[in-house]
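Single-structure report; data block below.
There are 2 protein chains.
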Amino acid sequence: MKTRLLTVLLIVLTVLMPTNVFAQQQVSDVVIKYQHNLMPVPSFVEFYDGKVPITDSLKVVASKYTDARLQSGIDRFLKRLQGRTGLTFAQASAPEGTSMVEVRCAKPGEAIPALDEDESYELDIGLSKVLLAAPTVVGALRGLETVLQLLTSNRDGYYFPAAKVKDQPRFRWRGLLIDIGRHYEPPEVLKRNLDAMAAVKLNVFHWHLTEDQGFRIESKKFPKLHQMGSDGLFYTQEQAKEIIEYARQRGIRVVPEFDIPGHSTSWLVGHPELGSAPGPYTIERHAGIFEPALDPTRDEVYKFLDTFLGEMATLFPDAYMHIGGDENEGKQWDRNPTIQAFMKEKGIPNNHALQAYFNQRLLKILEKHKKKMIGWDEILQPELPKNAVIHSWRGTAALADAARKGYDGILSNGYYIDLSYPTSQHYVVDPIPADTTLTLEEQKHILGGEATMWGEYVGPETIDSRIWPRTAAIAERLWSPQTTTDVDDMYRRLTVVSVQLEELGLTHERNVDVLLRRLTNSKDIAPLKLLASLVEPVKEYRRGDQRPSTMLSPLTGFVDAVRPDSEVARRLRKTVDEFLSDAPRFQLHATDLERTFKEWRDNQLALAAVVDRSPALHEVKPLATDVRNLSEAGLEALELIRSRQTPAPDWLQAKSTLLTEATKPKGAVELVVVTSVRQLVTAAAELPQLKTMSTAEWKKHVSTLASGSAR
Amino acid sequence: MKTRLLTVLLIVLTVLMPTNVFAQQQVSDVVIKYQHNLMPVPSFVEFYDGKVPITDSLKVVASKYTDARLQSGIDRFLKRLQGRTGLTFAQASAPEGTSMVEVRCAKPGEAIPALDEDESYELDIGLSKVLLAAPTVVGALRGLETVLQLLTSNRDGYYFPAAKVKDQPRFRWRGLLIDIGRHYEPPEVLKRNLDAMAAVKLNVFHWHLTEDQGFRIESKKFPKLHQMGSDGLFYTQEQAKEIIEYARQRGIRVVPEFDIPGHSTSWLVGHPELGSAPGPYTIERHAGIFEPALDPTRDEVYKFLDTFLGEMATLFPDAYMHIGGDENEGKQWDRNPTIQAFMKEKGIPNNHALQAYFNQRLLKILEKHKKKMIGWDEILQPELPKNAVIHSWRGTAALADAARKGYDGILSNGYYIDLSYPTSQHYVVDPIPADTTLTLEEQKHILGGEATMWGEYVGPETIDSRIWPRTAAIAERLWSPQTTTDVDDMYRRLTVVSVQLEELGLTHERNVDVLLRRLTNSKDIAPLKLLASLVEPVKEYRRGDQRPSTMLSPLTGFVDAVRPDSEVARRLRKTVDEFLSDAPRFQLHATDLERTFKEWRDNQLALAAVVDRSPALHEVKPLATDVRNLSEAGLEALELIRSRQTPAPDWLQAKSTLLTEATKPKGAVELVVVTSVRQLVTAAAELPQLKTMSTAEWKKHVSTLASGSAR
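Respectively, the protein sequence lines represent chains A and B.
Residue 140 is where the first sequence starts when you use the working numbering, and the numbers rise one by one after that.
Residue 140 is where the second sequence starts when you use the working numbering, and the numbers rise one by one after that.
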């Protein structure tokens with residue numbers, strides 16, 4: 140009897156086990172501390188003793204539902220794993236009983252990636268098996284990315300650490316907008332960015348397809364749109380289909396944007412009859428806000444839009460269509476007597492109301508073509524139906540307002556990666572801030588967010604370095620639990636992710652040197668590279684003032700080579716803080732700091748030579764002087780602090796003047812290490828006060844020493 | 140009367156001048172010495188005092204014949220010039236009277252790029268104008284590349300130096316073979332390589348489209364060929380057309396190769412009925428020579444080839460079609476009784492004769508489709524008609540033989556860039572060696588040559604670094620006068636060209652760091668990069684023995700990151716030579732050498748740490764030991780030489796043993812700096828002899844000191 144019972148039990152267990160992901164594979168169930176590199180951080184993750192070793196007999200098996208999309212995902216997974224480990228997986232011919240990854244996927248999920256796709260997955264990594272369970276193929280794809288990020292090595296080889304993961308996204312809409320209107324990007328650039336999006340679990344590619352500066356999608360109904368509005372730089376419908384399918388393979392939606400009624404100069408080059416002024420129009424070559432706008436008063440315009448958007452509704456399968464709607468100042472409307480007469484006749488009081496009228500009619504067209512409308516903040520007018528989605532460049536307050544009124548919304552304010560702010564600044568922006576006053580029901584209207592890569596100053600060589608790796612941190616904000624907020628740890632993981640993204644063909648790391656070599660026409664770029672590590676592009680939209688250019692200008696200057704979020708500056712801030720906090724000894728990092736400043740100082744001669752023979756670098760000449768001043772100020776401050784000397788009475792003033800000069804951008808880049816040097820200089824000047832303070836008081840004081848500087 | 144004559148003369152001169160390229164624009168006609176970076180070197184070039192300054196008002200004007208192809212070429216020229224200078228050229232709106240490039244092109248030239256295209260051009264660069272005259276659009280395109288290479292700068296800005304150039308190619312067939320059979324390369328990889336080919340004036344893209352390992356062109360007649368023979372990695376006919384047009388735009392012919400009757404495994408996967416054994420066949424995954432071959436005895440096979448090659452003849456407009464014909468050992472033929480019976484019946488004595496029979500029938504098919512046949516050495520059989528072209532992997536002697544028999548031929552022996560030899564070795568190979576015994580008439584049969592990028596060990600990430608920059612030197616050999624043979628100067632110019640090629644998207648420089656970062660999963664690659672600079676991939680086909688792999692293996696190892704032709708090794712050879720020749724003082728470069736060896740030695744700890752935590756790098760661990768031994772040997776030898784000490788009796792033996800170990804490849808890479816260290820070590824041991832020699836004798840002796848080493 141007993142044996143029988145046992146047998147029955149075993150059978151029951153065997154039947155049950157495959158569906159129980161938490162099958163206790165690990166040697167012990169004692170949770171261990173483990174520093175992982177996962178980004179985004181999963182909603183639940185625990186590590187245990189044990190590992191799944193990776194050898195060339197590793198197998199990946201889809202044990203339940205599978206299809207071509209999952210198999211392609213597995214193939215890509217294997218290829219990347221091979222690339223990292225140097226192993227060739229035998230797969231089919233591998234012997235039984237060795238390590239394996241079992242992908243247990245329940246269902247295909249949505250045929251067309253959709254907002255309500257179930258992206259969850261679970262992982263159980265034990266002694267010889269990675270068990271990945273997911274209700275949908277997209278969930279399985281998300282899980283495979285996590286497995287890849289878990290790849291670890293020691294001197295014995297590569298392995299996956301024993302772990303359990305239960306994961307699903309916090310927000311359903313996690314997007315990246317790429318503006319290929321201002322500067323065109325070839326399909327391969329978009330494809331590698333889609334791969335990167337999938338790697339960090341983003342799920343919406345917002346394709347900003349039309350702008351004043353370019354109409355970039357083929358229209359078979361109105362070929363003059365792309366033929367006359369794009370300089371020949373547009374996507375054929377075949378190419379668009381290929382991109383959409385490429386995205387679908389990776390569980391990514393493609394939301395097209397046709398920005399109207401403003402931002403529409405390129406439409407009017409071939410179709411001036413749609414405009415609110417007679418034209419003729421030419422493709423806009425500058426950055427800015429321009430007057431051309433569609434005429435919202437004429438039935439022909441709506442007929443045209445009906446036909447065109449109908450064509451696009453067939454091409455783009457996503458349920459949503461973005462109609463832009465931003466930054467139309469209505470100046471053409473003001474000057475057009477027919478439009479003014481129309482407004483008077485209809486009782487339309489102002490341009491806002493006229494745009495609302497336009498949106499009303501547009502919405503009907505979209506509804507006819509079975510698309511939900513999404514548009515920028517401006518579309519939120521009293522009459523807007525509740526099924527429209529608000530895309531907020533204004534901020535979380537505007538978004539919360541919309542949510543209270545019952546509108547779905549997504550956030551982009553705070554995620555403008557074209558503004559060259561450091562990752563940390565984007566990372567703290569939450570679509571639903573911790574102190575939200577929205578009810579839980581209202582919070583459901585906040586669908587997520589989108590990083591926006593506006594295209595004024597990016598081309599195929601530089602766009603990756605503006606998107607990555609910073610967007611990975613935004614992806615984490617949109618996927619991971621709200622409590623994932625450790626900035627230092629984010630940066631640690633971001634460095635690893637950045638290297639891993641390169642395997643997808645991204646050029647954010649490699650093209651820095653390429654551009655520096657081109658600027659110097661030489662392979663000897665070390666002095667220039669050191670300078671590049673100390674600067675960042677100017678923030679916001681100041682580049683245009685500093686360095687006037689058009690859409691036809693080359694994107695090959697020093698400002699294009701340097702990247703946002705200087706790692707050197709970040710480390711220096713930490714080092715200086717710790718050095719100054721080491722009062723009254725001032726020993727911690729002292730040698731490091733001295734070496735750093737000497738390296739900057741000693742770089743000057745070589746740098747001057749490089750800059751001198753490269754006219755394209757003349758604009759950054761003054762930076763060399765600034766760096767010399769900085770390094771000298773830093774060295775003097777160090778010496779004063781360490782020798783406890785009081786500086787000469789005018790020393791602080793003299794150094795401050797130089798430092799203030801050094802904070803001014805040159806050639807559209809700015810030295811971002813000034814703050815830390817200023818902190819040292821101020822500390823040196825204030826050191827006598829330390830005698831009157833407790834150590835604790837001084838440590839508190841240290842953090843205030845950098846105030847008054849640009850950063 | 141006198142005034143009148145002068146006027147007439149002036150009128151005559153004015154009328155004549157526009158057609159006279161040598162219009163004496165420069166301030167003085169005194170030829171000056173000028174170190175240019177042109178590659179290939181033009182057949183005639185002289186420099187003068189004076190320059191054409193480049194500002195944003197530079198204009199490029201096509202003053203005579205122009206068409207879409209020339210305009211595109213000018214647009215690309217302007218874009219690259221903008222990219223290098225950072226300037227935005229106003230073009231249309233530029234004021235009159237400023238600098239300009241006038242392109243005076245006479246005729247369109249061949250509609251389809253052809254062997255007899257006139258590629259000549261002339262340049263007259265004077266005070267404010269670059270005058271480029273060419274009989275054809277292709278000539279003008281070649282000239283524009285020269286103008287770009289003439290771009291120079293000083294602290295005042297960018298300019299073109301005053302110069303006169305008269306240029307045309309020495310050989311008409313200057314090719315690059317890319318084998319995408321073994322490893323597929325996406326269209327964008329081919330496109331950037333076509334751009335690079337145009338930059339160094341190559342004019343034939345030899346597209347090796349079929350191999351045992353892959354059938355990579357869509358056939359609408361026999362879709363099973365690409366569907367079953369390519370793993371889905373093939374070019375659609377649309378893509379092929381796009382590549383052909385892309386090449387045509389750059390004056391490059393596309394010669395397709397369908398390698399038969401051997402090298403045809405991939406054909407037989409979908410069409411086993413064409414084979415000489417019943418099959419079934421699977422795509423070959425290994426490198427080597429394989430047995431499958433088409434059955435040359437059956438009419439159905441020729442019918443199939445007629446249809447297929449007819450389809451391809453329409454797709455590829457070039458006058459030539461390459462049918463391979465190499466490396467068929469006929470083992471399947473030997474074993475097939477029907478084939479044996481056929482041979483007996485027809486009186487075909489052996490497999491060579493059988494292949495000749497096959498070629499005869501193939502030739503008729505090609506003739507029917509209006510294509511000239513080109514094939515590897517093997518096709519040269521007694522019955523071969525004189526209009527076939529011999530492509531020689533055997534060498535200049537075989538080529539000369541063929542020429543004597545009246546066959547046109549092209550050389551690839553000596554240009555096998557997949558063998559990882561240094562540039563200098565390819566550079567000295569001349570399709571018509573200086574000591575040729577061919578008559579001038581016979582020499583005309585030598586059409587030129589082709590660099591061959593065989594695909595066993597290259598993928599999209601690494602192929603550029605195997606082709607470039609070395610192929611630029613081969614391009615020079617095929618274009619420039621035979622007397623252009625200065626190796627040092629070639630290397631000087633090659634370094635500049637290498638950087639310039641990057642603007643076309645080539646990854647030969649940038650991807651080194653990418654692969655090293657992937658291997659270490661980190662951005663801290665300095666110690667590994669130092670090691671990489673001291674090694675090269677093993678030569679010839681020894682990689683396969685050292686590091687067994689298949690076509691499905693990753694190409695991400697250390698051997699893939701490192702490149703042929705180590706610059707460090709080349710410089711070290713020179714430095715050591717000069718140091719040892721500086722007898723008896725031994726001061727020249729002594730400090731440099733000491734610093735170099737200390738840098739290697741001091742790299743060991745950091746290197747060991749990196750290698751230790753990266754299992755994919757374990758294969759190169761022994762190299763770290765070798766480098767330590769090398770650096771110590773070098774330092775000891777330096778010290779002995781400088782202090783005039785005689786080493787201990789067993790010192791030379793001990794060091795030699797270590798050096799011999801260090802010459803052995805590990806992980807399919809070899810330390811190429813050993814020779815120079817051996818030279819130092821031997822010199823240190825032989826120093827006592829110096830006392831018995833004259834300085835002149837010693838200097839002569841120095842060059843022999845490296846003998847006995849691998850390199």
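Beta carbons: idealized from backbone N, C-alpha and C, even for Gly.
Of the residues the options, the one placed nearest residue i, counting alpha carbons only
i	options	result
Ser-415/B	Ala-671/B, Pro-476/B, Ala-822/B	Pro-476/B
Thr-375/A	Pro-362/A, Ile-356/A, Gly-368/A	Ile-356/A
Glu-430/A	Thr-446/A, Phe-455/A, Pro-400/A, Ala-452/A	Pro-400/A
Gly-587/A	Asp-663/A, Tyr-187/A, Pro-234/A, Asn-342/A	Asn-342/A
Ala-755/B	Pro-308/A, Thr-194/A, Gly-189/A	Thr-194/A
Gly-644/A	Thr-634/A, Thr-659/A, Ser-604/A	Ser-604/A
Pro-723/B	Leu-762/B, Arg-752/B, Val-749/B, Ile-780/B	Ile-780/B
Beta-carbon spacing of residue i, residue j below 9 Å
i	j	result
Glu-589/A	His-425/A	no
Ser-267/B	Ser-232/B	no
Val-191/A	Val-269/A	yes
Leu-819/B	Ala-772/B	yes
Arg-392/B	Ala-253/B	yes
Cys-244/A	Thr-275/A	yes
Leu-316/B	Arg-219/B	no
Ser-403/B	Ser-369/B	no
Thr-436/A	Met-367/A	no
Buried versus exposed, by CB contacts within 10 Å (16 or more), residue i
i	result
Val-169/B	exposed
Glu-384/B	exposed
Lys-794/A	buried
Ile-717/A	The sequence given here has Glu at residue 717/A, not Ile. With fewer than 16 other Cβ atoms within 10 Å, it is exposed.
Asp-765/A	buried
Gly-222/A	buried
Gln-639/B	buried
Arg-389/A	buried
Gln-582/A	exposed
Proximity test, Cβ basis, 9 Å: residue i and chain A
i	result
Gly-696/B	yes
Val-200/B	no
Thr-227/B	yes
Pro-325/B	yes
Chain B within 9 Å of residue i, Cβ atoms only
i	result
Thr-691/A	Sequence check: residue 691/A is Leu here, not Thr. With 9 Å as the cut-off, Leu-691/A counts as an interface residue toward chain B.
Arg-752/A	yes
Gly-320/A	no
Leu-658/A	yes
Ala-755/A	yes
Using 8 Å as the threshold, is the region 562-572 of chain A in touch with the region 529-541 of chain A, meaning 3 or more CB pairs across them?
-> As far as the Cβ criterion goes, the region 562-572 of chain A touches the region 529-541 of chain A, which means the pair count is three or higher.
Three or more C-beta pairs closer than 8 Å, one from the region 693-703 of chain B and one from the region 803-812 of chain B: is that the case here?
-> Yes, the region 693-703 of chain B touches the region 803-812 of chain B.
Touching by the beta-carbon criterion (3+ pairs, under 8 Å), the region 487-501 of chain A and the region 540-552 of chain A | The answer is no - the region 540-552 of chain A does not touch the region 487-501 of chain A, with fewer than three Cβ pairs under 8 Å.
Is there contact between the region 599-613 of chain A and the region 307-326 of chain A, where contact requires at least three CB pairs shorter than 8 Å?
-> The region 599-613 of chain A vs the region 307-326 of chain A: in contact.
Counting pairs of beta carbons, one from the region 653-661 of chain A and one from the region 614-632 of chain A, are three or more of them closer than 8 Å?
-> In short, these stretches do not touch, since the Cβ pair count stays below three.
Quick one: any contact between the region 667-681 of chain A and the region 202-216 of chain A, if contact means 3 or more CB pairs under 8 Å?
-> Not touching, per the Cβ criterion.
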